Every structure is written in C-alpha cells, then in structure tokens.
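Student: Let me give you the structure first, and then I'll get to my questions.
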Amino acid sequence: MNLKHQADMAALPTECPPETAKSEDIEVAYRFIKSDLVTEEDFLSHKEENKKYPPYLACQALAVSFFVTEEHARKVAENNQYLGDKKLVKGRITSECGKHRTKRGHINLWLCEDVDMKKVFLGE
Numbered sequence: 000m001n002l003k004h005q006a007d008m009a010a011l012p013t014e015c016p017p018e019t020a021k022s023e024d025i026e027v028a029y030r031f032i033k034s035d036l037v038t039e040e041d042f043l044s045h046k047e048e049n050k051k052y053p054p055y056l057a058c059q060a061l062a063v064s065f066f067v068t069e070e071h072a073r074k075v076a077e078n079n080q081y082l083g084d085k086k087l088v089k090g091r092i093t094s095e096c097g098k099h100r101t102k103r104g105h106i107n108l109w110l111c112e113d114v115d116m117k118k119v120f121l122g123e
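Each residue of the sequence shown is one higher than the last, beginning at 0 in numbering that gives the first Met the number 0.
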C-alpha cells in the first residue's frame, strides 16, 4: 500500500502514520465540505491546502479528517469558526482508502496514492 505522502512521512521524526493506524472499512463517517456539492478538493489534507499547522502536528496535517458521529462533528463545529460555514456530509471509508486512526470521535485518514476518495466516500 503506497500512501499519498509517503516521502513526506519518511522525513518526519516520528512514525507516520502511527503504528495504531489500520486499514479497515468504516461504514459511516462524516466530513465537512466547502459547498453543497462534494468535490475531490473536499478530500485534501491541510498540507495540500497549504494551511498552517504547528510542527508537532505535521503527521496529522498529511491526513484527511473525518468524524465518527454527526453529533460529534457538530459539537466540534460549534467551537471552530473555520468549520461554521461548511456543510456536513455522510459517507464511508473502505480499507482500500489508506490507513486511519480514530481518537476521541475524530478519524485521521492517510490516503493511498490512487484512491478516488469522492467516489468511495459517496459509494459511487
């Protein structure tokens, strides 16, 4: 399995993705998107979007964020001005997407190189 940012991950001082990350299906996941229509751009990492992040979060900045429940996602959005104007969509993640780690209701997914995340997430 070749992950999308393999070269960047190798340059990090700690293992990325973490050893606890696994490739398994997640039947229900939630993601914030920019508009009413889901696009490929809705599945970019912080690094790909050139967003700022502290150095200690470099590994997470290579992952795409999802949430386990709608309730948790909305709760996080209440306290995050950046997410306030985004739309929440429901989809799925398959084992072929990459490696993921779930922590406190949040999913970090390190994508595989050739995955069409929009297609997989929407079940197309």
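Even for Gly, the Cβ is constructed at its ideal location relative to N, Cα and C.
Quick caveat, the model's predicted, so the values are computed rather than measured.
Got a sec? Which residues, its chain only, sit under 7 Å from residue 108 by beta carbon, not counting five neighbours each side?
Tutor: Only 62, 63, 65, 92, 96, 97 and 99 meet the Cβ criterion.
Student: Take residue 24 as the anchor and find which of 94, 106, 110 and 105 has the nearest alpha-carbon.
Tutor: Of 94, 106, 110 and 105, the residue nearest in Cα terms is 94.
Student: Of all the options 19, 90, 13 and 31, which has the alpha carbon lying nearest to the alpha carbon of residue 80?
Tutor: 31
Student: Could you check where the beta strand (DSSP E) with residue 30 kicks off and where it finishes?
Tutor: 25-32
Student: Identify the continuous alpha helix (DSSP H) that holds residue 118 and give its terminal residues.
Tutor: 116-121
Student: So, for residue 69: in the same chain, excluding its five sequence neighbours on each side, which residues have a beta-carbon less than 6 Å away from its beta-carbon?
Tutor: Cβ neighbours of residue 69 beyond the five flanking positions: 29.
Student: Starting from residue 105 and walking both ways along the beta strand (DSSP E), at which residues does that stretch end?
Tutor: 105-110
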